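Working notes, structure below.
Residue numbers (full-length UniProt numbering): 1 to 172.
Structure representation (structure tokens):
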């Protein structure tokens, strides 16, 4: 029919935000739908994305992502909230795997302003960045990211998984 858009002409609803720090590579984006997934996949392949992490409810088929040669990870948690420990642990496993293969993770929640940026901030903190520095680093690329409750969580967050644990020194 004439009223159906050509998938090649569909644009992304908003531009993904690239967050690169040392060997950590992330694209924070809003949520694709079945309708615009082909456009997202084209852009993600161009950007060298090896993994997609979905932290919200499903709105598109994971099988299409896998067919495109991108690994799909489902790590949902509640909107507007801070991630529970099991989510952080799973996320850091995905990050470690991405680093070992030299890839890039595309991560999304609904708007790409809360849950996804919080997990990226945790990865940055785990790899040596200060909490406030990580939030500012992300907000420079993704305006409006991270709400007050999530900011409070990140300010209290202490590294558990990455290389940012500091030294194993004792105060004498």
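Just so you know, even glycine gets a beta-carbon here, dropped at the ideal spot from N, CA and C. Quantities reported herein were computed from a predicted structural model and do not represent experimental measurements.
Coarse secondary structure for residue 147, derived from DSSP in three states: coil
Among 41, 39, 53 and 96, nearest to residue 24 - alpha-carbon criterion: 96
In chain order, what residues of the same chain have a beta carbon less than 7 Å from the beta carbon of residue 60, not counting five sequence neighbours either side? 32, 33, 34 and 37
N-terminal and C-terminal residue of the beta strand (DSSP E) that residue 108 is part of: 105-108
Pull up the DSSP beta-bridge partners for residue 25, would you. 20
Tell me whether residue 29 is buried or exposed, calling it buried when 16 or more other Cβ atoms sit within 10 Å of its Cβ. buried
For the beta strand (DSSP E) containing residue 73, name the first residue and the last one. 71-74
Between the segment 132-142 and the segment 47-56, do three or more beta carbon pairs fall short of 8 Å? no
Starting from residue 52, follow its DSSP beta bridges and name the residues at the other end. 72 and 106
I'd like to know if residue 127 contacts chain C, where contact means its C-beta is closer than 8 Å to some C-beta of that chain. As a matter of chain content, chain C is missing from the structure shown, which is built from one protein chain.
Reduced DSSP category for residue 45 - H, G, I as helix; E, B as strand; rest coil: helix
Three CB pairs or more closer than 8 Å across the segment 146-163 and the segment 72-89: yes
Take residue 140 as the anchor and find which of 67, 39 and 117 has the nearest alpha-carbon. 117
Is residue 83 near residue 124, with beta carbons less than 8 Å apart? no
Go ahead and label residue 102 buried or exposed: buried means 16 or more other beta carbons lie within 10 angstroms of its beta carbon, across all protein chains shown. exposed
Can you tell me whether residue 47 is buried or exposed, with buried defined as 16 or more other CB within 10 angstroms of its CB? exposed
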